[in-house]
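Asker:
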Amino acid sequence: MLFFLSWLKRPYFFNHSKTYRLSVPFASGLFVFLFLCVFKPFRLVELHGDNLVPFSFGISVIVVCVFFTTLFLFPIIFKKYFNPDHWTVGKSVMIVATSLALNGFFGWLYSLSSKTEGVPTESLGAFLLYSLAVGTLPAIFLCIVDERVTRKKREKIALIINKGTLEKKILPKPGATILLKSENNKEELIVPISDLVYLTSDGNYVSVFLKKEGGLKERVLRTTLTKTAIDLSMYKNMIRCHKSYVINTNYVKKIHGNARGYVLKSPIIPFEIPVSRNFPKGSLKNLVDNS
0 MLFFLSWLKR
10 PYFFNHSKTY
20 RLSVPFASGL
30 FVFLFLCVFK
40 PFRLVELHGD
50 NLVPFSFGIS
60 VIVVCVFFTT
70 LFLFPIIFKK
80 YFNPDHWTVG
90 KSVMIVATSL
100 ALNGFFGWLY
110 SLSSKTEGVP
120 TESLGAFLLY
130 SLAVGTLPAI
140 FLCIVDERVT
150 RKKREKIALI
160 INKGTLEKKI
170 LPKPGATILL
180 KSENNKEELI
190 VPISDLVYLT
200 SDGNYVSVFL
210 KKEGGLKERV
220 LRTTLTKTAI
230 DLSMYKNMIR
240 CHKSYVINTN
250 YVKKIHGNAR
260 GYVLKSPIIP
270 FEIPVSRNFP
280 KGSLKNLVDN
290 S
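This is the structure we're talking about:
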């Protein structure tokens, strides 16, 4: 049980691509339509004459509408829940289960209100089981294939970037320092720009991590990361790669891509720095120092 709960909490991938979220509903509707027409499961063989095609088309329209709602409208309405940085296996399971349940529910209502001759009458529970039986395996297959294709694509881009040669960066002069001020200008922090490894934010505070013998030293300043990023904008090697991180690219040695996005790796930073999904793909190469 503990293993199952831990598995549900594992980070996972949700494809926010509009192309994907628009194509899946129509592909699912087409699959259901062909499946019902060809195999005639769940007593559909009892439908008279040419009634099978219009009834199956109605069910497929429901499938299209349900998946469009859960994959396209829900992420717009529930932005916090669909945050890709906090997406988990459990959330993916919940979306699939919700979609299948809604398909079963509206399919049941459609069968009750349908005037198509010979439509078999079934209970709501039966329609939920039908939806589960038809949709579970294709949904799992789609999730696995989508994750794998996206991961391979990003791994390939990361490999090209890691092997490529970059234009020489404009670096500050040796010994150059920068003055960082708090939002109310009552606190000041003077740091050597070459020792500045990365910055991260926590509410109204910014943690500044400097290179020191034996590792990193943290200094805290009461300000916002946005203000600090503006102060550092004159330095081409200081890039805001994520809403919570500004990184000195001289310390980044590798970029890694997976289905969830890209991360930066540095021998001096004990964890991977995430790259925002909104970060320009054409600028990814600027995040790695290949010198």
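For the sequence shown, numbering that gives the first Met the number 0 assigns the number 0 to the initial residue and increments by one for each residue that follows.
For glycine and all other residues, C-beta sits at the position ideal for the given N, C-alpha and C.
Fair warning: this is a prediction, and the values are worked out from it, not measured in the lab.
Are the stretch 181-188 and the stretch 133-149 in contact at 8 Å, needing three or more beta carbon pairs?
Answerer: no
Asker: Can you grab the Cα-Cα spacing for the pair I169 / I143, in whole Å?
Answerer: Because the pLDDT at I169 is just 46, under 50, the model does not fix this residue reliably, and the point stays unresolved.
Asker: Assign S232 to one of two classes, buried (16 or more other C-beta atoms within 10 Å of its C-beta) or exposed (fewer than that).
Answerer: exposed
Asker: Using C-beta distances below 7 Å, list every residue in its chain close to H85, excluding the 5 sequence neighbours before and after it, in chain order.
Answerer: Annotation for H85: no residue places its beta carbon closer than 7 Å to its own, counting only its chain and skipping 5 residues before and after.
Asker: Helix, strand or coil, according to DSSP, for F56 in the structure here?
Answerer: Note: F56 maps to helix in three-state DSSP.
Asker: Give me, in chain order, the residues of the same chain whose beta-carbon lies closer than 7 Å to that of F54; leave out the 5 immediate sequence neighbours on both sides.
Answerer: L46, S113, T115 and V118
Asker: Relative to the alpha-carbon of N203, which residue among V196, S181 and I254 has its alpha-carbon at the smallest distance?
Answerer: S181
Asker: Run through the stretch 79-112 for me and flag every whole alpha helix (DSSP H) of 4 or more residues, listed as ranges in chain order.
Answerer: 88-112
Asker: Secondary structure at I268, three-state DSSP: helix, strand or coil?
Answerer: coil
Asker: In terms of residue numbering, what span does the beta strand (DSSP E) encompassing L188 cover?
Answerer: E187 to P191
Asker: Between which two residues does the beta strand (DSSP E) harbouring R239 extend?
Answerer: M237 to H241
Asker: Pick from S243, G124, A125 and G213: whose alpha carbon is nearest that of G206?
Answerer: Before going on, a small fix: residue 206 reads as Ser here, not Gly. Shortest Cα-Cα distance from S206 to any of S243, G124, A125 and G213 involves S243.
Asker: Count the other C-beta atoms from every protein chain shown that fall within 10 angstroms of the C-beta of R276, then say buried if there are 16 or more, exposed otherwise.
Answerer: exposed
Asker: Nearest CA to the CA of L4: which residue from I58, V88 and P24?
Answerer: The residue with the shortest Cα to Cα distance from L4 is V88.
Asker: Can you tell me whether L231 is helix, strand or coil according to DSSP?
Answerer: coil
Asker: Among the candidates A100, G260 and S27, whose CA atom is the shortest distance from the CA of F56?
Answerer: S27
Asker: Can you tell me where the beta strand (DSSP E) holding K17 begins and where it ends?
Answerer: Run containing K17: none in the beta strand (DSSP E); it sits in the alpha helix (DSSP H), K17 to F38.
Asker: For E271, which residues of its own chain have a beta-carbon under 8 Å away from its beta-carbon, when the five flanking residues on both sides are left out?
Answerer: H255, V262, L263 and K264
Asker: Return the bridge partner residues of N257 from the DSSP annotation.
Answerer: According to DSSP, N257 bridges with G260.
Asker: Near F208, which residues of its chain fall below 6 Å by C-beta distance, leaving aside the five closest residues on each side in sequence?
Answerer: V196, Y197, L215 and E217
Asker: Specify, as a first and last residue, the run of the alpha helix (DSSP H) that W1 falls within.
Answerer: Residue identity check: residue 1 is Leu in the sequence provided, not Trp. L1 to L7 is the span of the alpha helix (DSSP H), which, as asked, contains L1.
Asker: Is the beta carbon of F71 closer than 7 Å to that of V23?
Answerer: no
Asker: Leaving aside the five residues before and after K226 along the sequence, list all residues of the same chain whose C-beta is less than 7 Å from its C-beta, in chain order.
Answerer: E182
Asker: What would DSSP say about P74, mapped onto helix, strand or coil?
Answerer: helix
Asker: I'd like the span of the beta strand (DSSP E) that includes N247, first residue to last.
Answerer: Y244 to N247
Asker: For L29 and L21, I'd like the C-alpha separation in whole angstroms.
Answerer: L29 and L21: Cα-Cα distance of roughly 13 Å.
Asker: Taking the C-alpha atoms as reference points, what is the distance between K78 and F12?
Answerer: 15 Å
Asker: So, with DSSP's three-state summary, where would you put E121?
Answerer: coil
Asker: Would you mind working out which of G134, N285, V219 and G281 sits nearest V251, comparing C-alpha positions?
Answerer: N285
Asker: Under three-state DSSP, which class holds P10?
Answerer: strand
Asker: Here's the rule I'm using: 16 or more other beta-carbon atoms within 10 Å means buried, otherwise exposed. How should G124 be labelled?
Answerer: exposed
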